[in-house]
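If you're matching them up, the sequences are chains A and B in order. Using our numbering, the letters of the first sequence correspond one by one to residues 840 to 1120. Using our numbering, the letters of the second sequence correspond one by one to residues 770 to 1087. Backbone N, C-alpha and C fix where the C-beta goes; we use that ideal spot for every residue, glycine too. Below is one structure, written out as structure tokens; the observations come after it.
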Amino acid sequence: MISRHKLGTYVLRFLVYALLILLLVITIVPIWLLIVNATRSTTEIQQGISILPSTHLLENYGILLGRGLDMPRGFANSLFLAVSSTVVTVYFSLLTAYGLVVYNLKGRRIFSNFVIVLVMIPMQLSIVGFYRFMSKLGLTDNYLALILPLIANASGVFFGKQYFESMLIQDLIDAARIDGASELGIFHRIIIPLAVPGAATMGIFAFVASWNNFFNPFILISSIQKYTLPMLVQTMRGDVYRTEYGAIYLGLAIAIVPIIVIYAFFSRFIVSGIALGAVKE
Amino acid sequence: MNIVKFRKNYTGYLFLAPFVIGFLIFGLYPVLNTIGLSFTNTTLMSSVSKFIWFDNFTKLFADNVFLRAVGNTWLIWLLNFIPQIGIAMLLSVLFTSARLKIKAIGVWRAIFFLPNLLMPAAVAALFSALFAYYGPTNQFMVRAGFLSEAMRYLENIWVTRGLVVFIQWWMWFGQTVIILMAGMTSIPVHLYEAAMVDGANTWQMFRRITVPLLRPILIFIFVTSLVGGMQMFDIPFLLTDGRGSPQSSIQTNNILMYMKFASSKGHIGAASSVGFLIFIMTSICALGIFYWLRERDMGDEKPHRRSLLKKNSARSQS
Chain A
840 MISRHKLGTY
850 VLRFLVYALL
860 ILLLVITIVP
870 IWLLIVNATR
880 STTEIQQGIS
890 ILPSTHLLEN
900 YGILLGRGLD
910 MPRGFANSLF
920 LAVSSTVVTV
930 YFSLLTAYGL
940 VVYNLKGRRI
950 FSNFVIVLVM
960 IPMQLSIVGF
970 YRFMSKLGLT
980 DNYLALILPL
990 IANASGVFFG
1000 KQYFESMLIQ
1010 DLIDAARIDG
1020 ASELGIFHRI
1030 IIPLAVPGAA
1040 TMGIFAFVAS
1050 WNNFFNPFIL
1060 ISSIQKYTLP
1070 MLVQTMRGDV
1080 YRTEYGAIYL
1090 GLAIAIVPII
1100 VIYAFFSRFI
1110 VSGIALGAVK
1120 E
Chain B
770 MNIVKFRKNY
780 TGYLFLAPFV
790 IGFLIFGLYP
800 VLNTIGLSFT
810 NTTLMSSVSK
820 FIWFDNFTKL
830 FADNVFLRAV
840 GNTWLIWLLN
850 FIPQIGIAML
860 LSVLFTSARL
870 KIKAIGVWRA
880 IFFLPNLLMP
890 AAVAALFSAL
900 FAYYGPTNQF
910 MVRAGFLSEA
920 MRYLENIWVT
930 RGLVVFIQWW
940 MWFGQTVIIL
950 MAGMTSIPVH
960 LYEAAMVDGA
970 NTWQMFRRIT
980 VPLLRPILIF
990 IFVTSLVGGM
1000 QMFDIPFLLT
1010 DGRGSPQSSI
1020 QTNNILMYMK
1030 FASSKGHIGA
1040 ASSVGFLIFI
1050 MTSICALGIF
1060 YWLRERDMGD
1070 EKPHRRSLLK
1080 KNSARSQS
């Protein structure tokens, strides 16, 4: 009886690993083909599939630049925008979350619930009104239109609130108050340094969100010098590139690989951050 | 002491001030502005516009373009969400199973999550290249003998829709696994032990312990996925020609809104009316599901209602 149960476990375990390997292949193959094809010439790509990289990486890069697509500039633009967005999101989300958790303010329950409601509301759909407003302020084609709204980032505040609630900081704050520190001083000099792990996790998410954001810059940014990587990806889809497969794959790889590298280093942070965003410890 | 307390509370409000001001300017005002614009015939080309009551809305319902976009969006979202939650639930149960003791769970999970972080625009362009007529998929299918001749995948309605569904599933099932597992591991083990003593089998324990206790998390996944799904843009936009081809089969709400916005006249009044209607539809569904499902497990015991509500809302927020 026991051995039958054990045998069943072995069979089941075998099936489970088979399923996991199947899912692994499905997950990896498209990404792997992208990276491999970025190093192959268009002729090679047309001849068939390969799972091994080739030697035409630089050649593809030359073609990509030769067609007037300024990838380095797009990369720099995306990087600048992502870093600024991260700083603004992390600072203001922690500030708001701190105010919510530490002070016993009137209406803080309502405020917290309101933040949750904001997470669940499709704000992207007000983009037309937002565009109109920005054009009246003269902020279209300006990165400020993409950065300033992050001052009020509901999911950042939600995450920060979860984080502070798991940190138990009230005693520390009281001690600092007795020492005569100002309220804002406590936040800047004591809380922010303590909150670095949470801030880093939130920062990675903010960075990735900005890096990958296509819709908002696509609507708001018009001059080609200010294009971000996703917008260049969209441009690449145009007819000029239809025949240069190697260069297209390389362009896509440039947009995707930096995030894979970041993930390789910080996957632990990121995975636990997702869990924290949804479940209270 | 009172002054200190006053100063403290006053500062507390200052901490919230940037968020409130930022929200009023960049969150609330654009929404109101969109609603206002949806009742006008404003275009990007002319500075004059007038109030035209519900004309934009009646035009939307005059042909089936708008309803088709709404239908497409719901269809694509549902077809992706059901397998997504199904497979994620299965994987979470297998990963947390004490009997199977699966190895390197963290590594599997981390790899399955990877597609979620990739730029959707690039992913769509990638799949568009992979499934192009001369692309790798056709090379493989024809050479391996699965197809007798190359196929134009992106000209077939159901293949294209299927691809959008697949990409969405591919990008999101790993994230759902992580969230579900976090929920499952927070369920106290002694509940399962007690059930086992009472002779419950695996399915009964899953049905009677795991699912009810996961409810807040399931609601969270459901609502966030719905809100994201209703705003789907990058993948269907960049997979084909940016108009939801073939035959508008992947033309979603957001693509339709963008097409009105970017039309030769730049009719932002009409684009606003699309945004406004989708905004209302999504918000009502999301908030409705959130509150309705949250209320349901509260039972009939009226006196306990308040305390239960509190407990439950604390759980759901988590």
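Alpha carbon to alpha carbon, how far is residue i from residue j?
i	j	result
B:T979	B:G952	9 Å
A:G977	B:G1011	28 Å
B:I821	B:S815	16 Å
B:G840	B:V911	34 Å
B:F1045	A:E1083	41 Å
B:R984	A:I1087	44 Å
B:T827	B:R976	47 Å
A:S923	A:Q1064	18 Å
A:M962	B:L886	21 Å
A:R1016	A:F1104	38 Å
B:F942	A:I986	30 Å
B:I926	B:V933	11 Å
B:S818	B:T812	7 Å
B:Y1004	A:G1024	According to the sequence as given, residue 1004 of chain B is Ile; it is not Tyr. Approximately 45 Å between the Cα atoms of the pair.
B:S917	A:T1067	42 Å
A:A991	B:P787	7 Å
A:G913	B:S1033	27 Å
A:F1057	A:D1018	50 Å
B:Q853	A:I1029	42 Å
B:L783	B:T865	45 Å
A:S1111	A:F1026	25 Å
A:A1048	A:L920	11 Å
B:P799	A:F953	18 Å
B:G875	B:N849	24 Å
Take the Cβ of residue i as the centre, count every other Cβ of all protein chains shown within 10 Å, and call the residue buried at 16 or more, exposed below.
i	result
B:H1036	buried
A:G946	exposed
A:N1051	buried
B:G1068	Confidence is the limiting factor: at B:G1068 the pLDDT is only 44, short of 50, which leaves the residue's position unreliable, though a coordinate-based value still follows. The residue in question, B:G1068, is exposed, as its Cβ has fewer than 16 Cβ neighbours within 10 Å.
A:S917	buried
B:G791	buried
B:T842	buried
A:L1115	buried
B:M1089	This structure leaves residue 1089 of chain B out entirely; chain B is present only between 770 and 1087.
A:H895	buried
A:E1022	buried
B:R921	exposed
B:I845	buried
Name the chain A residues whose beta carbon is nearer than 7 Å to that of residue i?
i	result
B:A890	F1053, P1069, V1072 and Q1073
B:P799	S965, G968, F969 and F972
B:R868	T848
Please list, in chain order, all residues of the same chain as residue i whose beta carbon is under 7 Å from its beta carbon, the five residues on each side excluded.
i	result
B:S1041	T803, L806 and S807
B:N809	In the sequence on display, residue 809 of chain B carries Thr and not Asn. The residues are S818, K819, F820, I821 and G1038.
A:L957	A993
Among the residues of its own chain, which have a CB less than 6 Å from the CB of residue i, if the five just before and after it don't count?
i	result
A:L1059	T979 and A984
B:L1062	I988
B:P884	W939 and M940
B:F1096	Chain B is shown only over 770 to 1087; residue 1096 of chain B falls outside these bounds and no answer can be derived.
B:P905	L899
Note down, in chain order, every chain A residue with its Cβ under 9 Å from the Cβ of residue i.
i	result
B:A879	Y1102, S1106, R1107, I1109 and V1110
B:M999	P961 and L964
Which residues in chain A have a C-beta closer than 8 Å to the C-beta of residue i? List them in chain order.
i	result
B:G834	According to the sequence as given, residue 834 of chain B is Val; it is not Gly. Going along chain A, no residue has its Cβ under 8 Å from B:V834, so there is no contact; the nearest lies around 17 Å.
B:I1088	Chain B is shown only over 770 to 1087; residue 1088 of chain B falls outside these bounds and no answer can be derived.
Using a Cβ-Cβ cut-off of 8 Å (strictly less than) and excluding sequence neighbours within five positions of residue i, which residues of its own chain qualify?
i	result
B:I986	I948, L949, A951 and G952
A:S893	V875, T878, R879, S880 and E883
B:T1009	S897, L923, T929, P1015 and I1019
A:V929	G995, A1038, M1041, G1042 and A1045
B:H959	none
State the CB to CB distance for the pair residue i and residue j, rounded to an integer number of angstroms; the pair is presumed to be in contact (CB under 8 Å).
i	j	result
B:A891	A:L1091	5 Å
B:I871	B:L863	6 Å
A:L1089	A:Y900	6 Å
So which residues of chain B does residue i contact, with C-beta pairs closer than 9 Å?
i	result
A:Y849	Simply none; closest approach about 10 Å.
A:Y1084	A898, A901, Y903 and G904
A:G999	Residues of chain B passing the Cβ test: none, with the nearest at roughly 11 Å.
Taking C-beta pairs closer than 8 Å, name the residues in chain B that residue i reaches, listed in chain order.
i	result
A:Y937	F784
A:Q1064	Residues of chain B passing the Cβ test: none, with the nearest at roughly 19 Å.
A:L985	Correct list: empty, because the minimum Cβ distance to chain B is about 11 Å.
A:V1047	L886
Can you name the residues of chain B whose CB is closer than 7 Å to the CB of residue i?
i	result
A:Y900	In chain order: nothing, as chain B lies at least about 16 Å away.
A:F919	Under the 7 Å cutoff, chain B gives no residues; its nearest Cβ is about 17 Å from A:F919.
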